[in-house]
Amino acid sequence: MSPEPAGIVVVGASLAGLRGAEALRRGGYAGPLTLVGAEPHRPYDRPPLSKHVLAGALEAGATRLPELAALGAVWRLGHAAIALDRVARAIRLADGTTLAYDKLLVTTGAEARPWPAETGGGLSGIHTLRGRDDAASLRSALVAGPRRVLIVGGGLIGCEAASCLRDLGLSVTLVDPNPTPLAKSLGTHVGAVIAACLRESGAAFRPGTSVQTFEGDDAGRVVRARLADGSAIETDLVIAALGATRATGWLAGAGLMADAGGVTCDAACRARAADGTACPDIYVAGDVARWPIRLYGGRLVSVEHWGNAVEQAAHAARNMLAGPDDQRAYEHLPAFWSNQFGINIKLVGLTAGAESVAVVQGSRASRRFLAVYGRAGRSIAALSFDEARWLPAYTEAILSGGAFPPITDATDQPRIETASPGFPPPRAGAPAARRPEVAHV
Amino acid sequence: MKPIGGPGALRVVVDLNRCQGYAQCCYAAPDAFVLRGHEILFYDPTPPAGQRGAIERAVQACPVRAIRLQAGADDGDAP
Amino acid sequence: MSDGTPSPHDSLFAAVMDPANRTDPYPLYARLRERPVSRQRDGSYVVSTHAAIRALIFDPRLSSEDLPPFKRPATGNPIRDWIVNPIRSRIATAHRPLIFRDPPDHDTLRSAVMREFTIPRVLGLRDRVAREVDALLDACRGRREICLVDDLSYPLPVSVICQLLGVPASDEPRFQAWATQLATALEPDARHDIETRRHTVSAFDAISDYMRDLIREKRRRPADDMLSGLAAPGPDGKKRMSDFDLISTAILLLVAGHETTVNLITNAMLTLLRHPEELERLRADPARAPRLIEEVLRYEPPVHFRTRKALGTIALRGETIPKGAPVILLFAAANRDRDRFEGPDRFDPDRADIEHFGFGGGLHYCVGAPLARIEAEVALVALSRRLVAPRLLRDPPPYRPGASLRGPEQLHIGVDAVA
Chain A
1 MSPEPAGIVV
11 VGASLAGLRG
21 AEALRRGGYA
31 GPLTLVGAEP
41 HRPYDRPPLS
51 KHVLAGALEA
61 GATRLPELAA
71 LGAVWRLGHA
81 AIALDRVARA
91 IRLADGTTLA
101 YDKLLVTTGA
111 EARPWPAETG
121 GGLSGIHTLR
131 GRDDAASLRS
141 ALVAGPRRVL
151 IVGGGLIGCE
161 AASCLRDLGL
171 SVTLVDPNPT
181 PLAKSLGTHV
191 GAVIAACLRE
201 SGAAFRPGTS
211 VQTFEGDDAG
221 RVVRARLADG
231 SAIETDLVIA
241 ALGATRATGW
251 LAGAGLMADA
261 GGVTCDAACR
271 ARAADGTACP
281 DIYVAGDVAR
291 WPIRLYGGRL
301 VSVEHWGNAV
311 EQAAHAARNM
321 LAGPDDQRAY
331 EHLPAFWSNQ
341 FGINIKLVGL
351 TAGAESVAVV
361 QGSRASRRFL
371 AVYGRAGRSI
381 AALSFDEARW
391 LPAYTEAILS
401 GGAFPPITDA
411 TDQPRIETAS
421 PGFPPPRAGA
431 PAARRPEVAH
441 V
Chain B
442 MKPIGGPGAL
452 RVVVDLNRCQ
462 GYAQCCYAAP
472 DAFVLRGHEI
482 LFYDPTPPAG
492 QRGAIERAVQ
502 ACPVRAIRLQ
512 AGADDGDAP
Chain C
521 MSDGTPSPHD
531 SLFAAVMDPA
541 NRTDPYPLYA
551 RLRERPVSRQ
561 RDGSYVVSTH
571 AAIRALIFDP
581 RLSSEDLPPF
591 KRPATGNPIR
601 DWIVNPIRSR
611 IATAHRPLIF
621 RDPPDHDTLR
631 SAVMREFTIP
641 RVLGLRDRVA
651 REVDALLDAC
661 RGRREICLVD
671 DLSYPLPVSV
681 ICQLLGVPAS
691 DEPRFQAWAT
701 QLATALEPDA
711 RHDIETRRHT
721 VSAFDAISDY
731 MRDLIREKRR
741 RPADDMLSGL
751 AAPGPDGKKR
761 MSDFDLISTA
771 ILLLVAGHET
781 TVNLITNAML
791 TLLRHPEELE
801 RLRADPARAP
811 RLIEEVLRYE
821 PPVHFRTRKA
831 LGTIALRGET
841 IPKGAPVILL
851 FAAANRDRDR
861 FEGPDRFDPD
871 RADIEHFGFG
881 GGLHYCVGAP
891 LARIEAEVAL
901 VALSRRLVAP
911 RLLRDPPPYR
921 PGASLRGPEQ
931 LHIGVDAVA
């Protein structure tokens, strides 16, 4: 009698894990299926956390994701995976149990980069914003009525939080080392629009400097930030929005190409072993995956995007069920959205390496525009501020490697002028200096 | 908008990459979907069970099929 | 195709326009889809696949504005031709309605309309629609045969639009006549017919004059209706749109909202009568109506195509559309694209992801879609419940000549009774 099959184990019970599990069932997989999650919660949706949950329009628990297929799964929630033994085909959980697998889908995602302990990270009142519990705890702190909130980092999360908190009427200061918010992902040419929104909303924006250390009172509560320019900001609530690192600590020693930038996988989403070979039984998807993107010359990227979590997980699941000769390459055009200061921001493509940016519809002054990023005469990304209606046409141009700028002679088009996007130069060793959308290897 | 729809609440998610702000969902289920500003869609991810008909109308009416509603019961109980 | 010889690819659209192909244009569409962008002999480009249309409906190089000028035939009366008509001509040219405008003018007009097309106002019409449908079907009691078009599809939408706009019920019959005539103006082929054009122009003149007076009346005595809202000054005390734009917008809402809804209801019932098991399922479970309507919008849409003009050169799917060329977005063909839909020629309300172009798409997406859905839902549920043993008496039914706004001229249904 053959032993019971161990089946498929999905490590990481968030959006990618859930959509991967659903895709396995929809693809006809009827064997044992286990989902492992570090948090005690069923998979939930992250985007509302930094928006409606902070604003109080939704409770954190309301973000639980719909299950779109009958899963018939075993749920192991609240105990993180802590080790992987590829030879024994088993993972170990934090509660000491081991779990055997025939095939593994790694969707452990990313973790908020915490404020370093040596410069005040242990003080109470310093929050990060990544998970559902983070959001709930931050929301309670906001309801308590902080006198002055300091947001460190003007990436998407920092800006969304600033926008929400100003709507709540709280006093907000945002500190970022770059000249404008969103400089790393969108460049300062566009970031200047958000800087204006930020200031108009009544928030204080402190560009070009960074927090060196936080000081606390006798009770260990944060009271002050010391900045690199020598100044100090009194604060009783801090949001450290410093980006994220990939949750790969549990894979140390597993013999995979894994580090804080992700788990490297091949085009078929199979994890690469340290020697570069693709593991036929380990797949990776979502934020934690570092994958070769054909549209951008096959370079390795990892993105923290909702759309990638959904699509890559489904694609990995499809390949997990297919034979070795039927492993299809993952083709994906990265895209994300953000809502802040009443503006719907949508980006399609990757801006990294862009040499130029051109506003091709609307105007920055009106805060309704579509901008295209160019590199070597080609269009590589398109950005919409409340002009999403044109985005599919520009997406088409990016997919087909269209010239830069791709569309001329259009209706309602300004005289097209190109500018430097204004990406900040790489900063070595700065704690806050990681672009949130994409990591390069 | 209610924060949590109570026992038996529905579960909804919208792919906001796909959403083009056509606002058809806002007419189909005005208690669950609201368009803010020019094109920001705000929705209740856990509308009360009594809204199922309206939510299903919204799912069907979306021109880009961006709305997903959980059809059946939850998968087992988490240990 | 009517003579049985297959058309060459560059004259397929001419065959689509041929009334002989009205009952079943879909085989022509299938051939057109072989080339996602197909150049026709007259220099126009027909776009017929789902992917190509989705790429183009959002393309800012496609203009709705720069279409061939609307020429008024001379009446022979110099006062009319040189004094009265030029004013109306301004409405027809410089103040075209928003479906014939590009941003930013389009956006100004559309947002003014949307501001008045409020959710409570639209949803509030559901009861009115239900009452109207009941009254129309009550009038059919005792009959063994109805004509769906005459008895329900045709009168219903005009009555609803009049209510929405704030047109007095006593004027509805005049609106019926104007709407019928003006709908032909939306047909590209109808423009060539001098007699039709003359009738269209006089209907246009009559409704323009009527609207001008009605708007004046709404300003004097505003009511809770769309026209009062559109005619009211904005918060800055200025007009929200010029009077010419206001007149053309009101005419558009009547024309665009009428024949399209007639087609939606009629096409839906025709399809259901061809699939009686679906009609029976609807009768048993009215909650199926929304998915059924979306599938009708895919399978037998009320509008088959719209024409745009390329403002620049557009390279798409291996074809280059030159600047200035007319571009025909063949929505109804994209709706049957097998690269997008499994078994596209099968009517299947339970299919997942019915991403259709039944209401167009992009910035010109049908303003009235939510109202059309309500009318269709109420009408279909009532028909499924009140028609006893319904069957088609003539299949295929006779079609009106229009190739774009395609729909049966009559739909005769035999019944044991109207409950």
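Residue numbers (my numbering), protein chains in the order written: chain A, 1 to 441; chain B, 442 to 520; chain C, 521 to 939.
Yeah, the Cβ is synthetic: ideal placement off N, Cα and C, and Gly gets one too.
Leaving out the 5 sequence neighbours to the left and right, which residues in its chain are closer than 7 Å to residue i when beta-carbon positions are compared?
i, result
"residue 51 of chain A", "160, 164, 339"
"residue 397 of chain A", "379, 406, 407"
"residue 677 of chain C", "777, 778, 781, 782, 895"
"residue 674 of chain C", "782"
Run through chain C and tell me which residues come within less than 8 Å of residue i, C-beta to C-beta.
i, result
"residue 418 of chain A", "Within chain C, no residue comes near residue 418 of chain A; the closest Cβ sits about 18 Å away, beyond 8 Å."
"residue 494 of chain B", "807"
If the cut is a Cβ gap below 7 Å, which residues of chain B does residue i touch?
i, result
"residue 67 of chain A", "511, 515, 516"
"residue 881 of chain C", "504"
With distances taken from CA atoms, which of the options is nearest residue i?
i, options, result
"residue 920 of chain C", "C/860, C/909, C/783, C/571", "C/783"
"residue 21 of chain A", "A/332, A/256, A/107", "A/107"
"residue 799 of chain C", "C/630, C/553, C/928, C/869", "C/869"
"residue 117 of chain A", "A/214, A/158, A/35", "A/214"
"residue 547 of chain C", "C/661, C/750, C/636, C/533", "C/533"
"residue 894 of chain C", "C/821, C/809, C/820", "C/809"
"residue 266 of chain A", "A/330, A/243, A/325", "A/330"
"residue 86 of chain A", "A/102, A/374, A/23", "A/102"
"residue 419 of chain A", "A/27, A/19, A/186", "A/186"
Under 7 Å between beta-carbons, which chain C residues line up against residue i? List them in chain order, please.
i, result
"residue 408 of chain A", "832"
"residue 412 of chain A", "580, 622, 623, 624"
"residue 498 of chain B", "810"
Going by beta carbon distance, what residues of the same chain come within less than 6 Å of residue i, once the five residues before and after it are set aside?
i, result
"residue 827 of chain C", "846, 848"
"residue 48 of chain A", "58, 63"
"residue 152 of chain A", "175, 211, 240"
"residue 589 of chain C", "Caution is warranted here: a pLDDT of 49 is assigned to residue 589 of chain C, below 50, making its placement in the model unreliable, and the coordinate value is therefore given only provisionally. Closer than 6 Å at Cβ, skipping near neighbours: no residue."
"residue 12 of chain A", "107, 108, 109"
"residue 293 of chain A", "301"
If you drop the 5 nearest sequence neighbours on each side, which residues of the same chain put their C-beta closer than 8 Å to that of residue i?
i, result
"residue 134 of chain A", "49, 112, 127, 128"
"residue 274 of chain A", "255, 256, 257"
"residue 359 of chain A", "369, 370, 371, 414, 416, 417"
Can you tell me which of the three DSSP states residue i falls into?
i, result
"residue 281 of chain A", "strand"
"residue 430 of chain A", "With a pLDDT of 46 at residue 430 of chain A, under the threshold of 50, the predicted position of this residue should be treated as unreliable, and no value is reported."
"residue 336 of chain A", "strand"
"residue 558 of chain C", "strand"
"residue 101 of chain A", "coil"
"residue 671 of chain C", "helix"
"residue 589 of chain C", "Its pLDDT being 49, under 50, residue 589 of chain C is placed unreliably in this model, and the value from its coordinates should be taken loosely. Correct three-state label for residue 589 of chain C: coil."
"residue 828 of chain C", "strand"
"residue 504 of chain B", "coil"
"residue 176 of chain A", "strand"
"residue 934 of chain C", "strand"
"residue 628 of chain C", "helix"
"residue 212 of chain A", "strand"
"residue 341 of chain A", "coil"
"residue 651 of chain C", "helix"
So which residues of chain C does residue i contact, with C-beta pairs closer than 9 Å?
i, result
"residue 391 of chain A", "578"
So with CB distances below 8 Å, who are the chain B contacts of residue i?
i, result
"residue 115 of chain A", "The contacting residues do not exist; residue 115 of chain A stays about 30 Å from chain B at best."
Name, please, each residue of chain A whose Cβ falls closer than 9 Å to the Cβ of residue i.
i, result
"residue 843 of chain C", "409"
List the residues of chain B that residue i touches, going by C-beta distances under 9 Å, in chain order.
i, result
"residue 139 of chain A", "By Cβ distance, chain B contributes nothing, its closest Cβ being about 11 Å from residue 139 of chain A, past 9 Å."
Along chain A, which residues have their Cβ under 8 Å away from the Cβ of residue i?
i, result
"residue 583 of chain C", "411"
Determine the chain A residues that contact residue i at a beta-carbon separation under 7 Å, and present them in chain order.
i, result
"residue 574 of chain C", "392"
"residue 480 of chain B", "344, 386, 388"
Under a CB-based cut-off of 8 Å, is residue i close to chain E?
i, result
"residue 460 of chain B", "The structure shown contains no chain E; its protein chains are A, B and C."
Inset, instruction - With a floor of 3 residues, list each beta strand (DSSP E) that falls wholly inside the stretch 345-408 of chain A, ordered by position along the chain. - result: Taking 3 residues as the minimum length, the beta strand (DSSP E) runs contained wholly in the stretch 345-408 of chain A are 356-363, 368-375, 378-385, in order along the chain.
Legend entry - Length-filtered (4 minimum) alpha helix (DSSP H) runs lying within the stretch 691-770 of chain C: Runs found: 692-703, 714-740, 746-751.
Legend entry - Segments of 3+ residues assigned as beta strand (DSSP E) that fall wholly inside the stretch 221-288 of chain A: As far as the stretch 221-288 of chain A is concerned, its whole beta strand (DSSP E) runs of at least 3 residues are 222-227, 232-234, 237-240, 244-246, 262-264, 270-272, 278-284.
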